[in-house]
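Our numbering applies: residue 37 is where the sequence shown begins, and numbers increase by one.
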Amino acid sequence: MQGWYHFLTETKVSSELSKACPGRFVEFFAWNAEPTAGSLYMAMEYVEFGDLEKTMEDTKLTRPWTEMDMKTVTRQILEGLQHMHGALIAHRDLKPKNILVASLDKEVSIKIADFGIAKRLSNRGTTNLRTPIGSSGYRAPEVVMSWEKNSRTGYSYNADIWSVGCIVYRMAHGEAMFRYDLQVMQDERRLRDEISGHLEALKEKKQQGDVSGIRISNSGVDFIEKLMTVDPKTRPCAKKALAALKGWSCIDQGGKRKYAKSTRQKSQMP
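This is the structure in structure tokens:
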């Protein structure tokens with residue numbers, strides 16, 4: 037029953053978002069079901085290069101990922117979130133595997149996917165979400181804390197912004213900042229200090245010429261810190277995060293990750 041609910045959510049949200057803003061979301065075409073076989077099918081846009089996680093790990097590609105590519109991916113995710121949140125929808129499961137790479141030509145182009153656990157808030161967007169959901173390593177602390185039986189706090193759209201910060205860190209570092217939910221289940225000051233420690237280590241790592249991940253400037257690291265503000269009340273919304281993105285000055289076009297232009301023809305729907 038839960039799988040059916042997630043399927044319906046996926047079809048409804050995907051259809052709505054892809055029609056309203058096709059450039060930032062995977063396009064939805066149709067769905068079908070075979071009750072006797074217990075199977076559900078969904079026809080969606082073919083996105084050639086797969087997910088961001090897979091693309092970052094591909095060692096057979098030939099063009100280096102640059103800091104500008106990383107900033108472009110970040111901008112496009114935030115643009116998608118600005119549209120989603122404006123429609124009162126929280127994604128709730130942002131991670132590299134749910135960011136699909138549509139193009140690797142002059143400018144990287146991505147599309148947000150997987151809306152099975154997305155949730156629409158109240159008309160004013162003031163109702164907090166309370167269901168503990170998402171993927172370990174990318175869940176905001178307030179989402180993780182909602183697992184606590186006695187927790188009276190919820191979370192809202194800004195949990196998605198934290199996830200974006202985790203994605204950018206993963207791209208820059210080569211590994212996720214947090215692997216387990218327990219790592220973010222600590223008081224605000226300790227968690228803030230731990231994040232600062234990780235980010236300072238990232239700056240030192242890049243200054244020492246470490247080639248894992250994508251090289252990033254100090255202003256890029258500072259931007260990650262803004263997105264990973266522990267207190268959700270002071271964490272920037274998508275609009276403010278886009279404004280803050282202007283302060284990210286890319287000073288290096290180098291990087292270890294590589295990719296190449298596609299040699300395959302793009303699929304076309306009739």
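Backbone N, C-alpha and C define an ideal beta-carbon position, used for all residues, glycine too.
In this text, all values refer to a predicted model and were calculated from it rather than measured experimentally.
CB-CB under 7 Å to residue 105, same chain, minus the five flanking residues each way: which ones, in chain order?
Within the same chain, residue 105 has close Cβ partners 144.
Beta strand (DSSP E) containing residue 192: first to last residue?
Unbroken run through residue 192: none, as it is neither H nor E.
What does a CB cutoff of less than 7 Å around residue 49 pick up in its chain, not counting 5 residues either side in sequence?
Excluding positions up to five away in sequence, the list reads 125, 151, 154.
Taking the alpha carbon of residue 314 as the point to measure from, which residue in 167, 93, 181 has its own alpha carbon closest?
Residue 314 lies beyond the range of the chain shown here (37 to 306); nothing can be said about it.
For the alpha helix (DSSP H) holding residue 257, just list the boundary residues, first then last.
From DSSP, the alpha helix (DSSP H) with residue 257 extends over 254 to 263.
Please state whether DSSP places residue 100 in a helix, a strand or coil.
Strand, per DSSP.
Could you pull the start and end residues of the beta strand (DSSP E) that residue 269 belongs to?
Here residue 269 belongs to no beta strand (DSSP E), and DSSP marks it neither H nor E.
Quick check: the Cα distance between residue 205 and residue 232, rounded to an integer number of angstroms?
Cα-Cα distance, rounded: 12 Å.
Quick check: what's the CA-CA separation for residue 135 versus residue 218?
About 25 Å.
What do you reckon, are the CB atoms on residue 147 and residue 60 nearer than 8 Å?
A contact, by the Cβ cut-off of 8 Å.
Taking the Cβ atom as the reference point for each residue, do residue 182 and residue 191 lie within a distance shorter than 8 Å?
Yes.
Of all the options 102, 70, 116, which has the alpha carbon lying nearest to the alpha carbon of residue 277?
It is 116 whose Cα lies nearest to the Cα of residue 277.
Figure out for me which residue from 89, 274, 223, 120 has the closest Cα to the Cα of residue 131.
With distances taken between Cα atoms, residue 131 lies closest to 89.
Residue 235: which of 224, 113, 225, 252 sits nearest, CA to CA?
Looking at the Cα atoms, 252 is the closest of the given residues.
Can you check whether the C-beta of residue 225 is within less than 8 Å of a C-beta belonging to chain B?
Absence of chain B from the displayed structure is noted, only one protein chain being present.
Can you list, in chain order, the residues of its chain whose CB lies under 7 Å from that of residue 108, leaving out five sequence neighbours each side?
For residue 108, where only same-chain residues beyond five positions count, the Cβ hits under 7 Å are 143, 144.
By alpha-carbon positions, which one of 222, 165, 111, 149 ends up nearest to residue 259?
Nearest C-alpha to residue 259: 111.
Between the beta-carbon of residue 263 and the beta-carbon of residue 169, is there less than 8 Å?
It is not a contact, given that the beta carbons lie outside the stated cut-off.
State buried or exposed for residue 287, treating a residue as buried only when at least 16 other CB atoms are found within 10 Å of its CB.
The residue in question, residue 287, is exposed, as its Cβ has fewer than 16 Cβ neighbours within 10 Å.
Does residue 96 pass the burial test, meaning 16 or more other C-beta atoms within 10 Å, or should it be called exposed?
Flag for residue 96 reads exposed.
Using the three-state DSSP reduction, which class does residue 70 fall into: helix, strand or coil?
Residue 70 falls in the strand class under three-state DSSP.
Can you tell which of 281, 174, 254 has the C-alpha that lies nearest to the C-alpha of residue 195?
Of the candidates 281, 174, 254, the one whose C-alpha sits nearest the C-alpha of residue 195 is 174.
Return the chain-ordered list of same chain residues with a C-beta closer than 6 Å to the C-beta of residue 12, the five sequence neighbours on each side being excluded.
Any answer about residue 12 is impossible in this case: the structure gives the chain only from 37 up to 306.
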